[in-house]
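Numbering-wise (our numbering), the sequence shown opens with residue 102 and increments by one.
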Amino acid sequence: MSLYALCVFVVNFPTAAQTQATITPISVNSAGELGNAWSASPSISSDGRFVAFASAASNLVAGDTNNIADIFVQDRLTGNTELVSLSSSGEQANGPSTETFISANGRFVAFASEASNLVTGDTNAAADIFVHDRLSRETERVSVNNAGEQSDNKSASPSISGDGRYVAFASLAANLVQDDTNAAADIFIFDRLSNHILRASVDNDGQQGNAASRNPIIAANGRTVVFASDANNLTPNNSYDVSDIYIFNRVLAKIERVPVASDGSPANQWTDFPVISANGQRVAFLSIATNLAAGYAPRASIYIRDRQTQTSTRAANPEMDSIFAISGDGQTLAYLAPAQEEGYNIRLLNLTSGQETSIYNLSGELSGHSTLSQDGRVLAFDASETTWQERQVYAWDERGEMPPSFVVTGQVMDATGHPLALVTLEDGRGNTVKTDGGGYFYINGINPGPVTLVPFKEGYRFGPAVISLDAQSDTSSIDFGYAHDEVLSEAKLDIGMPYSFERGGSGPFHGFGAGYCTDLILDAYTWGVDFSIQFALEQDFRAHPWHFYRWRDARNAHDMWRYFSYSGQMLPHETPYQPGDIVFFDWSEDGEIDHVALVSEVNRENRPAKMYAATGV
Numbered sequence: 102m103s104l105y106a107l108c109v110f111v112v113n114f115p116t117a118a119q120t121q122a123t124i125t126p127i128s129v130n131s132a133g134e135l136g137n138a139w140s141a142s143p144s145i146s147s148d149g150r151f152v153a154f155a156s157a158a159s160n161l162v163a164g165d166t167n168n169i170a171d172i173f174v175q176d177r178l179t180g181n182t183e184l185v186s187l188s189s190s191g192e193q194a195n196g197p198s199t200e201t202f203i204s205a206n207g208r209f210v211a212f213a214s215e216a217s218n219l220v221t222g223d224t225n226a227a228a229d230i231f232v233h234d235r236l237s238r239e240t241e242r243v244s245v246n247n248a249g250e251q252s253d254n255k256s257a258s259p260s261i262s263g264d265g266r267y268v269a270f271a272s273l274a275a276n277l278v279q280d281d282t283n284a285a286a287d288i289f290i291f292d293r294l295s296n297h298i299l300r301a302s303v304d305n306d307g308q309q310g311n312a313a314s315r316n317p318i319i320a321a322n323g324r325t326v327v328f329a330s331d332a333n334n335l336t337p338n339n340s341y342d343v344s345d346i347y348i349f350n351r352v353l354a355k356i357e358r359v360p361v362a363s364d365g366s367p368a369n370q371w372t373d374f375p376v377i378s379a380n381g382q383r384v385a386f387l388s389i390a391t392n393l394a395a396g397y398a399p400r401a402s403i404y405i406r407d408r409q410t411q412t413s414t415r416a417a418n419p420e421m422d423s424i425f426a427i428s429g430d431g432q433t434l435a436y437l438a439p440a441q442e443e444g445y446n447i448r449l450l451n452l453t454s455g456q457e458t459s460i461y462n463l464s465g466e467l468s469g470h471s472t473l474s475q476d477g478r479v480l481a482f483d484a485s486e487t488t489w490q491e492r493q494v495y496a497w498d499e500r501g502e503m504p505p506s507f508v509v510t511g512q513v514m515d516a517t518g519h520p521l522a523l524v525t526l527e528d529g530r531g532n533t534v535k536t537d538g539g540g541y542f543y544i545n546g547i548n549p550g551p552v553t554l555v556p557f558k559e560g561y562r563f564g565p566a567v568i569s570l571d572a573q574s575d576t577s578s579i580d581f582g583y584a585h586d587e588v589l590s591e592a593k594l595d596i597g598m599p600y601s602f603e604r605g606g607s608g609p610f611h612g613f614g615a616g617y618c619t620d621l622i623l624d625a626y627t628w629g630v631d632f633s634i635q636f637a638l639e640q641d642f643r644a645h646p647w648h649f650y651r652w653r654d655a656r657n658a659h660d661m662w663r664y665f666s667y668s669g670q671m672l673p674h675e676t677p678y679q680p681g682d683i684v685f686f687d688w689s690e691d692g693e694i695d696h697v698a699l700v701s702e703v704n705r706e707n708r709p710a711k712m713y714a715a716t717g718v
């Protein structure tokens, strides 16, 4: 779904005397031999160590006999190349795999494939979106609905969050969510922890777009997804019937238009091909609009929208069909511009200082894919050394070579082998990760030296409490055990604390024996609730339609589900409260529910007067 996919350029590689930086081939096998067919569509991990790409080559790994395009990952530190478009049992794909996106930590690879043998039950004869876990070696399909049913049409353009939990993609399917009747491509977000899917190309009332959407990119933090759309009903006052860029906030279920001038006026011409920084603050996009920034733009320009400062600036005037990418920290833009004499050159622009650096010259036609590391010091791209050779993937490294950057992995599980999800682990160096549904954790970008791992999740105690190691290479099988803390006994009387496990009592929900409390979260022990309370209530109602709330004037599960569906899930503080309303607290501001309480009485201002909470008061 890229405008650039069919273009090629020629690279004139600089010598060591010209620059300390290096350009090295990525589409090579573990012996360093270049692929014997085309390679393209690179995607790079945050530390620049791992590069995923698509290739039709058959010599990148031993035993590649399917004679079709596959997805590979090259380790720039060890030189190892691995095939990742495999089934969980290691079977090669029986259909081509193309577009790919690697998670910032380098563990997960999302890709599109027409194969029907990567997962069981793939009978839709359409391209699907898959995610391969390089740690567990498992592959799953994510272009499915909440019931696990496969899509009824093709999907494309995968993008995955930094931790691999959320996957955004475009799809023509009409059965991934309810009421999808627009017969157009939409943007979806799949939560791999809860197996819940939602549509992002909708307005703030949940109404679907009236035209096709495409090119989604999810921010590394997983909170926002930016995409292009031809729909004109996603935001109010969309007076121009042109392609536009939108950003969807997954946490708040809100959408906003990106290409607006600093005074708030919308772009007056088409915009497309968005990219986004890791925290979602900066969005770069291509546009031929004439009103986004001061000054005359003779052709399509790359603009930067800073969502924090609410400003739009013209960053560069590239070639119309140029490549461009933004670094994870939002500080560096890579793009293609005309050279002074003949051809083009790749340039890096520091978006803070405005300093621009030309890193190498190109001749011939243009390429289509580039990707920057978190700090902007590594650029992966596809190119052709000569006009008669097929494209290959290369990496430009400002540092000259890949410095040591290690991976530490392990698992958290109890004595019976039951894994624990959403455990926070700190490494003593400022890195924080959480375990997935299988209890696995994966920390990348570890520099050589001592590492101290400390697990934490409220309601649990861990053994050992701390693990120290000296990182001199990749380290695996760092395992923690756990046991329930006393807080879990108290949580049995709560109304859905996200760290509860056992149901307690003889009834179908928490606190049944005491005559109060219900099970809002069906399996918070495994995946938590985050802000998806609508989904939790829906699942609770469908699984246990007899559930009801024993507090005075409290609604039953279905009514609560409907209430949150129509109120946008979260209750702003100025909204009048009613007895029976549920209030959610995110004290740590990490996107996960820290506490849940139910309003039992309100005062004259319709503010909560009494609430039932974890303590029962």
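Virtual Cβ for every residue (Gly too), placed ideally from N, Cα, C.
Contact between Ala-321 and Gly-429 holds, with the beta-carbon distance rounding to 6 angstroms and staying under 8 angstroms. Between the alpha carbons of Ser-156 and Val-567 lies a distance of about 43 angstroms. Under the DSSP assignment, Gln-493 falls in the beta strand (DSSP E) whose first and last residues are 493-498.
Between Ile-203 and Phe-151 a beta carbon distance of about 6 angstroms is seen, short of the 8 angstroms cut, so the two are scored as contacting. As for any beta strand (DSSP E) of minimum length 3 sitting wholly inside the region 225-306, the runs are 229-234, 240-242, 256-261, 267-272, 287-292, 297-300, ordered along the chain. Thr-576 places its beta carbon 8 angstroms or farther from that of Phe-482. If you draw a 10 Å sphere on the C-beta of Phe-212, you find 16 or more other C-beta atoms in it, and that means buried. Nearest neighbour of Leu-434 by Cα position, chosen from Ser-237, Phe-349, Val-384, Val-555, turns out to be Val-384.
Positions of the beta strand (DSSP E) runs, each at least 3 residues long and wholly inside the region 137-223, are given as 140-145, 151-156, 171-176, 182-184, 198-203, 209-214 in order along the chain. DSSP places Gly-477 outside any beta strand (DSSP E), giving it a letter other than H or E. Under DSSP, Val-552 forms a beta bridge with Leu-570.
For Pro-520, the secondary structure class from DSSP, reduced to helix, strand or coil, is strand. With a cutoff of 8 angstroms on beta-carbon distance, Ser-260 and Ile-319 are scored as near each other. Put simply, the backbone Cα of Leu-184 is about 10 angstroms away from that of Arg-235. Approximately 5 angstroms separates the beta-carbon atoms of Ala-301 and Ile-290; this is inside 8 angstroms, confirming the contact. Comparing alpha-carbon positions, the option among Gln-279, Leu-480, Asp-253, Leu-187 lying closest to Ala-227 turns out to be Asp-253. For the pair Val-210 and Thr-201, the Cα-to-Cα distance works out to about 7 angstroms. Rounded to the nearest angstrom, the gap between the Cα atoms of Ser-413 and Leu-161 is 43 angstroms. Annotated as distal: Ser-388 and Ala-426, with beta-carbon spacing of 8 angstroms or more. Rounded to the nearest whole angstrom, the C-alpha separation of Ala-286 and Asp-280 is 14 angstroms. DSSP places His-470 in the coil class of the three-state scheme, outside both helix and strand. At the C-beta level, Arg-478 and Gly-149 come within 8 angstroms of one another.
Of the residues assessed, Gln-490 falls on the exposed side of the cut-off, its CB having fewer than 16 other CB atoms within 10 angstroms. The three-state reading of DSSP puts Ser-578 in strand, counting E and B together. In this chain, the beta strand (DSSP E) harbouring Val-326 covers 325-330. Taken in chain order, the complete beta strand (DSSP E) segments of 3 or more residues contained in the region 364-389 are 372-377, 383-388. Taking all protein chains shown into account, Arg-400 has fewer than 16 neighbouring C-beta atoms within 10 Å of its C-beta and is therefore exposed. Separation of Arg-562 and Tyr-543 (C-alpha to C-alpha, rounded to the nearest whole angstrom) is 20 angstroms. Remark: C-beta atoms of Arg-208 and Gly-265 approach each other more closely than 8 angstroms.
If you draw a straight line from the Cα of Ala-194 to the Cα of Ala-170, it is about 9 angstroms long. Minimum Cα-Cα distance from Ala-572 among the listed residues Val-552, Leu-449, Val-326, Gln-432 corresponds to Val-552. DSSP places Gln-456 outside any beta strand (DSSP E), giving it a letter other than H or E. Counting the other Cβ atoms within 10 Å of the Cβ of Thr-221 gives fewer than 16, which makes it exposed.
Just so you know, the alpha carbons of Thr-240 and Ser-190 end up roughly 9 angstroms apart.
Per DSSP, Lys-535 is one residue of the beta strand (DSSP E) stretching across 533-535.
Under the three-state reduction of DSSP output, Glu-706 falls in the coil class, being neither helix nor strand.
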